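J.: In the working numbering, the protein residues as written are 60 to 266.
Every residue, glycine too, gets a C-beta built ideally from N, C-alpha and C.
Since the structure is predicted, the reported quantities are computational estimates derived from the model, not experimental observations.
Written as structure tokens, this is what we have:
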């Protein structure tokens, strides 16, 4: 495998769902592309500038080792994805043809957030001939199929936590807490007799 694409409906979803795996894949010499479809300017707390999440995602992905030229940022309106479905699909097809990834990470089939749901559905349309893994976000998931695991070392989880700490504007969210991030990685690790891991839903597996 040479190239992986991480699809993040909003800035920070990619780090939350597979930040440790990004760190591991980059370390192993795999080229990682990170796409954020929205910087959620409408949802930014009033004390921050509207573009703060664009600044934060640049810092976060740099910590994980993603090349700046492989960070692609878009401006789809947060919580409006169901009405923007075709435009999102068009963008994903353009990205597919340019990047030509072997694996694609996207929100899972169990994610209840409307923007995440549309991202996952349009990912399957655009990348139906590619391996697709759905990442875990327990605060949005009613349930989750742990059908794929990526083993992580402590250094990978540490990088994930350091990346998430770049999101100063989002630090009031419980799921951004270091204790939660580390405990979830430890829980998934225990399931496969590893110190740490991230779990994924196999949406499509191409061998």
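Just mark residue 250 as buried or exposed, buried being the case when its beta carbon has 16 or more other beta carbons within 10 Å.
T.: Within the chain shown, numbered from 1, the residue matching residue 250 stands at position 191. Exposed: under 16 other Cβ atoms inside 10 Å.
J.: Which one of 89, 211, 146, 175 has the shortest CA to CA distance from residue 138?
T.: The count along the chain shown starts at 1 and reaches residue 138 at position 79. For the residues 89, 211, 146, 175, the minimum Cα distance to residue 138 belongs to 175.
J.: How big is the Cα-Cα spacing for residue 140 and residue 180?
T.: To locate residue 140, count along the chain shown from 1; it is residue 81. To locate residue 180, count along the chain shown from 1; it is residue 121. Computed Cα separation, rounded: 11 Å.
J.: Starting from the N-terminal side, write out each stretch of the alpha helix (DSSP H) that is 4 residues or longer and does not extend beyond the region 133-192.
T.: The qualifying runs are 144-158, 173-185.
J.: Would you kindly report the start and end of the unbroken alpha helix (DSSP H) that includes residue 223?
T.: Stepping through the chain shown from its first residue, residue 223 is reached at position 164. Residues 213-223.
J.: Below 8 Å on the Cβ atoms is my guess for residue 215 versus residue 79; work out the distance and round it to an integer in Å.
T.: Start at 1 with the first residue of the chain shown, and residue 215 comes out as number 156. Start at 1 with the first residue of the chain shown, and residue 79 comes out as number 20. Yes, they are in contact, since the Cβ atoms of residue 215 and residue 79 sit about 4 Å apart, within 8 Å.
J.: Who are the Cβ neighbours of residue 177 in its own chain at under 7 Å, not counting the five residues just before and after it?
T.: For the purposes of this step, residue 177 is taken as residue 118 along the chain shown, with counting starting at 1. Only 140, 141, 144, 147 meet the Cβ criterion.
J.: Buried or exposed: residue 246, going by 16 or more other Cβ atoms within 10 Å of its Cβ?
T.: Residue numbering aside, residue 246 sits at position 187 when the chain shown is read from its first letter. With fewer than 16 Cβ atoms within 10 Å of its Cβ, residue 246 is classed as exposed.
J.: Quick one: is residue 92 buried, meaning 16 or more other Cβ sit within 10 Å of its Cβ, or exposed?
T.: Within the chain shown, residue 92 is the residue found at index 33, counting from 1. Residue 92 should be labelled buried.
J.: Could you spell out where the beta strand (DSSP E) holding residue 251 opens and where it closes?
T.: Residue 251 sits at position 192 when you count from the first residue of the chain shown. Looking at the DSSP string, residue 251 is not in any beta strand (DSSP E), and its letter there is neither H nor E.
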